[in-house]
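Residue numbers (my numbering): 1 to 601. Before any comments, here is the structure.
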RNA sequence: GGGGAGUUAGUUCAGCUGGUUAGAACGCCGGCCUGUCACGCCGGAGGUCAGGGGUUCAAGUCCCCUACUCCUCGCCA
């Protein structure tokens, strides 16, 4: 028989609140049964709410409550009334409330619970699919509660910071017009417009520029974006950005705002002082040394570009594979694994399997001997002394070092080497498998090329988007040497993750049309795709620029989570499915008819 | 679309070279227990070995297909 005190009583404290200072108080606590220990006489219940755990003890002398307490089980939702007692010598130093316990006099069962499908312990190793299926239970676990509470705090801090800096929180549509290029859009059929579709916004990019044209000067939004692309541990089909756009600014102004925001988040949430301004790394240098534009600088293992060395030595060098790769406009790169991290033969064979999975044909390697000779390498037989010496020098290779090579198509070599660098660093424990290890290496990657050459289509394509402003000094090359044009685009990177990116926009219609020409986009074509923005730019558009920060990634890194899924309450699995609700699901014929859609599976 | 790893009790896993009745821990249920906090002790229940097909005297184990999960390349202006 439940005592019904709940109807006339309010909760007085949370389960994370009571300390020795509260001894003697009458309290009412509500929460869930985290654990229980029945000693036949005393029954202990660890009561949990989002603030923490409190031990409640029921003694036999309070018979009604004691008998009921002996029946409660894990995850029942209950309320208790009792008196705060000191635990005396039985203090539990592992609990925030370990100085005290509540001696229960009354107990109400709000709701019983079935036995949970998995134990709701802090350190679970239950399969993620199972946890996602019962996400509402998984979310009861303290680590996830803590992460989402942190995320809530990040949202509040972000709003406060940006509002204080004069930014306006303005909203943009999710349902918009499909624009070609970029990420695949999720499509939404329109019932009122048969045969036509909205596209869910992959970002508020174009709208936020219109806010600048409209004269709002400083805009931000914490906003969902939708991209129908394959998932990764740091990619979900719907994700949240801190979207920012500013008028009358240079790159440095954007950097200052974002550095301040990140320093505030890390300071207020973690108590970590992040030094600003962040270091800046030239895009070209990043590609040369790390193979991508989001380098993890917590460790070394830089790449060495050998393309020129190979070219100089030519056929004399004795490595036809290198020469062929360079002749086919490919590149040659090397990476040194220092002797102190010696890899076994089996381990380097495994590395070869790993790189083959990314499209590499193999993994050439050479062990450097006492006098610079190479062993354990098929290259050692034919390579000339001169080339070998040149490579050793370029790599600063010492006896015992292992040199790993990759050559061929530039994009493949960069991808393979970039991933290999991180893979080896994890293997050698230079960086933790997950989390930051307490090291936060923020940086800006700057001055990338405006265009990249599309090998398949044999055309120049916008590396970011078609509205990025080129460096004034490079505008002269738009027609003659497009690959040489650098632009005001930037990415902010933390520990190997791109946590945000943006650009100063191109607001000059004359340069804009030259950019379109370089991209092979005709005037009519441009009008069809971006007409409204091009029109808008004609009406006194201010110089402007902005950035979007990946809020999920930021939260993941800030909370040391293993994946984005740990900082998103209801995430999708790698196939984009929600295993709890079974979305996406089929709909009936009538619904499809209503929106004039036929499936063709 | 490609590569890799995986799926055995409610959960996490073990299960060798194919061979009798598929095990452990935790959880769950029952009993005992007044100071535990990973309580303890005794007893018990619990299995479509992901699904389908094949090889074999015999398949959790070998082969093929499918589904699902995770990592990854492509993709993500």
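Built from N, CA and C at the ideal position, the CB exists for glycine as well. Since the structure is predicted, the reported quantities are computational estimates derived from the model, not experimental observations.
*Three-pair Cβ contact test at 8 Å for the stretch 577 to 591 versus the stretch 265 to 277*: Contact between the stretch 577 to 591 and the stretch 265 to 277 is absent, because fewer than three Cβ pairs lie under 8 Å.
_Report the start-end ranges of each alpha helix (DSSP H) in the stretch 118 to 153 that is 4 residues or longer and not cut off at the edges._
128 to 133, 135 to 138
_Alpha carbons only, please: which of 64, 143, 25 is nearest the one belonging to residue 52?_
143
*Test item: CB-CB of residue 105 and residue 23 under 8 Å*: At a Cβ-Cβ threshold of 8 Å, residue 105 and residue 23 do not count as neighbours.
*By a C-beta neighbour count over all protein chains shown, 10 Å radius and 16 as the cutoff for buried, is residue 149 buried or exposed?*
exposed
*Answer with buried or exposed for residue 175, where buried requires no fewer than 16 other C-beta atoms within 10 angstroms of its C-beta.*
exposed
*Bridge-paired residues (DSSP) for residue 71*: According to DSSP, residue 71 bridges with nothing at all.
*What's the C-alpha gap between residue 37 and residue 55?*
10 Å
*What number of angstroms, rounded off, separates the C-alpha of residue 383 from the C-alpha of residue 261?*
53 Å
*asked:* What does the alpha-carbon distance come out to for the pair residue 263 and residue 171?
replied: Going from the Cα of residue 263 to the Cα of residue 171 covers about 26 Å.
_Limits of the alpha helix (DSSP H) - the one that residue 310 falls within_ = Taken as a continuous stretch (DSSP letters only), the alpha helix (DSSP H) holding residue 310 covers 307 to 313.
*asked:* Assuming contact is defined by CB atoms lying nearer than 8 Å, are residue 566 and residue 152 in contact in what I supplied?
replied: no
*Would you call residue 163 buried or exposed, if buried means 16 or more other Cβ atoms sit within 10 Å of its Cβ?*
exposed
*Hey, how far is the Cα of residue 200 from the Cα of residue 218?*
24 Å
*Three CB pairs or more closer than 8 Å across the stretch 420 to 437 and the stretch 558 to 565*: yes
_By the DSSP assignment, the alpha helix (DSSP H) with residue 62 in it spans what residues?_
First-last for residue 62: undefined, no H or E at that position.
_Cβ shell of residue 137 (< 7 Å), same chain only, five flanking positions each side left out_ = 116, 120
*According to the Cβ coordinates, are residue 553 and residue 230 closer than 8 Å?*
no
*Per DSSP, what kind of secondary structure is residue 453 in: helix, strand or coil?*
strand
*Below 8 Å CB to CB, which residues in the same chain sit around residue 1 once its five sequence neighbours on both sides are set aside?*
Note that residue 1 has pLDDT 43, beneath the 50 cutoff, so the model's placement of it is unreliable and the number below is only indicative. Closer than 8 Å at the Cβ level, and outside the excluded window around residue 1, lie 64, 68.
*Can you say whether residue 512 is buried or exposed, counting buried as having 16 or more other CB atoms within 10 angstroms of its CB?*
buried
*Which class does residue 333 belong to by DSSP, given the choice of helix, strand or coil?*
strand
*Does the stretch 326 to 335 come close enough to the stretch 402 to 412 to have 3 or more Cβ pairs within less than 8 Å?*
yes
*Where do the ends of the beta strand (DSSP E) carrying residue 272 lie?*
Run containing residue 272: none; DSSP gives neither H nor E here.
_Other residues of its chain near residue 507: CB distance less than 8 Å, five sequence neighbours each side excluded_ = 469, 537, 541, 542, 543, 544
*Which residues in the same chain as residue 312 place their Cβ atom closer than 8 Å to its Cβ, once the five residues preceding and following it in sequence are excluded?*
390.
_Endpoints, the alpha helix (DSSP H) within which residue 281 is located_ = Run containing residue 281: none in the alpha helix (DSSP H); it sits in the beta strand (DSSP E), 280 to 282.
*Curious, which full-length beta strand (DSSP E) runs of at least 3 residues does the stretch 488 to 559 contain?*
489 to 494, 497 to 504, 544 to 550
*Kindly confirm or deny that the stretch 294 to 304 and the stretch 417 to 432 touch, where touching means at least three C-beta pairs closer than 8 Å.*
Counting C-beta pairs closer than 8 Å gives three or more between the stretch 294 to 304 and the stretch 417 to 432, which meets the contact rule.
*Just checking my contact of residue 447 with residue 282 at CB under 8 Å: how many whole Å lie between their CB atoms?*
Confirmed, Cβ separation roughly 5 Å.
*Straight-line CA distance for residue 548 to residue 49?*
35 Å
*asked:* Classify residue 240: buried if its beta carbon has 16 or more other beta carbons within 10 angstroms, exposed otherwise.
replied: buried
*According to DSSP, what are the bridge partners of residue 33?*
47
*Whole-number beta carbon distance between residue 339 and residue 302, since they are thought to touch under 8 Å*: So it is not a contact: roughly 17 Å between Cβ atoms.
*Proximal residues to residue 157 (C-beta, below 7 Å), its chain only, five neighbours per side dropped*: 264, 265, 268
*Report the three-state DSSP secondary structure of residue 583 (helix, strand or coil).*
strand
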